[in-house]
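Engineer: This is the structure, below, for whatever I ask next.
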Amino acid sequence: MPVSSTTLANHLLQQQTLHRGLTHELSQIIGHIALTGKVIGRELTEAALHGALGLTGETNVQGEAVQKLDERANELFVQTFEGQGGVVRAIVSEEMDKPCEVGGHAGARPGEHALFLDPLDGSSNLDANMTVGSIFSIHRVQGHVQPDVETELLKRGRDQVAAGYVLYGPATVLVYTCGAGVYQFTLDRGIGEFVLSGSRLKMPARGKVYSANESNYAKWPRGVQRFVDYLRDKDAATGRPYASRYSGCLVADVHRFLTGGGVYLYPGEISKPEGKLRLMYEAAPLGFIIEQAGGLASTGTERIGDILPTAVHQRIPLIIGSHEDVGKAEEFIQDRQ
Ligand code: AHG
Ligand code: MN
Ligand code: MN
Numbered sequence: 138m139p140v141s142s143t144t145l146a147n148h149l150l151q152q153q154t155l156h157r158g159l160t161h162e163l164s165q166i167i168g169h170i171a172l173t174g175k176v177i178g179r180e181l182t183e184a185a186l187h188g189a190l191g192l193t194g195e196t197n198v199q200g201e202a203v204q205k206l207d208e209r210a211n212e213l214f215v216q217t218f219e220g221q222g223g224v225v226r227a228i229v230s231e232e233m234d235k236p237c238e239v240g241g242h243a244g245a246r247p248g249e250h251a252l253f254l255d256p257l258d259g260s261s262n263l264d265a266n267m268t269v270g271s272i273f274s275i276h277r278v279q280g281h282v283q284p285d286v287e288t289e290l291l292k293r294g295r296d297q298v299a300a301g302y303v304l305y306g307p308a309t310v311l312v313y314t315c316g317a318g319v320y321q322f323t324l325d326r327g328i329g330e331f332v333l334s335g336s337r338l339k340m341p342a343r344g345k346v347y348s349a350n351e352s353n354y355a356k357w358p359r360g361v362q363r364f365v366d367y368l369r370d371k372d373a374a375t376g377r378p379y380a381s382r383y384s385g386c387l388v389a390d391v392h393r394f395l396t397g398g399g400v401y402l403y404p405g406e407i408s409k410p411e412g413k414l415r416l417m418y419e420a421a422p423l424g425f426i427i428e429q430a431g432g433l434a435s436t437g438t439e440r441i442g443d444i445l446p447t448a449v450h451q452r453i454p455l456i457i458g459s460h461e462d463v464g465k466a467e468e469f470i471q472d473r474q
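Here our numbering runs 137 ahead of the position in the sequence shown, where the first position is 1.
Encoded structure:
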């Protein structure tokens, strides 16, 4: 028996009557993201058969090697929204140096939202056939076009109107929030629909697992090192040592913790204090989801949602997960332990 018969489309229609923040336009945007996620998911399953794996030879604005599928996923999102005649006004993407303004149909009023995307997160996993995801964040923007679009797009995470991700694992899963709880949908390939598989998700206040690229240990500030040492120490009363799991895909690791609790960290390094992950399309959207589920997202000294970005591709240190685990990390980083 299926766990539910509520499709994403039906759910969004129902929620529009219950939650003022979920407007018709926002529902449309989430619907188009879901459609793009289905197409990306399908292309991922057959990429190796069509020579679509591997590098393009290009480097993106982040200075990172671009995979062919990074570029393809970005192209699919842009095509979808360009085909929708300006339902979003602008797209900011990890794979595009500058925000892309999306034109509307002639005479139509401009879209009132901007979409921030990590089209494929964890793309270094692709060649090994491991999990990847797409992350999205949606902000409301002014209806009229400003000459300096980028400045207009610099919004705090706490002002997001919706955020979510699609995870391409053994199942394709879509998770979203628009500030009224976190909902999860699983793709039923037989009917081609995302079907509701979790409502108002809440995560445990503390977990048993942590996730970090520990090869960077020697480069971390002392407080971060001490926190990780603490997680690895033996103490039956607090369930330590925690188990270590690191997939190389932020969204997969965070999804694990949304489900079962725990803490993910990608801290800054002494010589690179800004860290690696991007604020507007990695840290902020995942922070919105995790905090809606009762968790926390922090730099170690500041809530992710409180930070006013200075650039659309800004990087930020990230500690995200169960409330008590992130709180404990903050104690070590702020030298209160
Ligand atoms: P992306 O593939 O979008 O560039 O993101 C990769 C991110 C994240 O998914 C992952 O947790 C982290 O970078 C992995 O970085 P390291 O290889 O440095 O551990
Ligand atoms: Mn990423
Ligand atoms: Mn990416």
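All C-beta atoms, glycine included, are put in the ideal place defined by N, C-alpha and C.
#1: Do you know whose CA, among P422, H161 and K465, lies nearest I275's CA?
#2: Would you kindly check if the distance between the Cβ of R440 and the Cβ of R415 is under 8 Å?
#3: From the DSSP output, in three-state form, read off H250 for me.
#4: Ligand 5 and S384: does any heavy atom of the ligand fall closer than 7 Å to the residue's C-beta?
#5: Leaving aside the five residues before and after R277 along the sequence, list all residues of the same chain whose C-beta is less than 7 Å from its C-beta, in chain order.
#6: Give the residues whose C-beta lies closer than 6 Å to at least one heavy atom of ligand 2, in chain order.
#7: With three or more beta-carbon pairs closer than 8 Å as the criterion, would you say the stretch 387-404 touches the stretch 341-351?
#8: Between the C-alpha atoms of D372 and E461, what's the straight-line distance to the nearest angstrom?
#9: Nearer than 7 Å: is that true of the beta carbon of E201 relative to any heavy atom of ligand 1?
#10: Where does K409 sit, in a helix, a strand or coil, going by DSSP?
#11: Nearest to F364 by CA position, among A317, Q474, L304 and G442, is which residue?
#12: Return the bridge partner residues of G301 from the DSSP annotation.
#13: May I ask whether a heavy atom of ligand 1 can be found less than 7 Å away from the beta carbon of N350?
#14: Taking 7 Å as the cut-off, does the CB of L414 come closer than this to any heavy atom belonging to ligand 1?
Structural biologist: Quick look at the numbers:
#1: P422
#2: no
#3: strand
#4: Looking at this structure, you won't find ligand 5 anywhere; what it does contain is ligand 1, ligand 2 and ligand 3.
#5: E249, H250 and V298
#6: Around ligand 2, the residues whose beta-carbon falls short of 6 Å from at least one of its heavy atoms are D255, D258, L387 and E419, given in chain order.
#7: yes
#8: C-alpha separation (whole angstroms): 16 Å.
#9: yes
#10: If DSSP states are grouped into helix, strand and coil, K409 belongs with the strands.
#11: Answer by Cα proximity: Q474.
#12: F273 and Y313
#13: Indeed, a heavy atom of ligand 1 lies less than 7 Å from the Cβ.
#14: Because some heavy atom of ligand 1 lies under 7 Å away, the Cβ of L414 counts as near it: yes.
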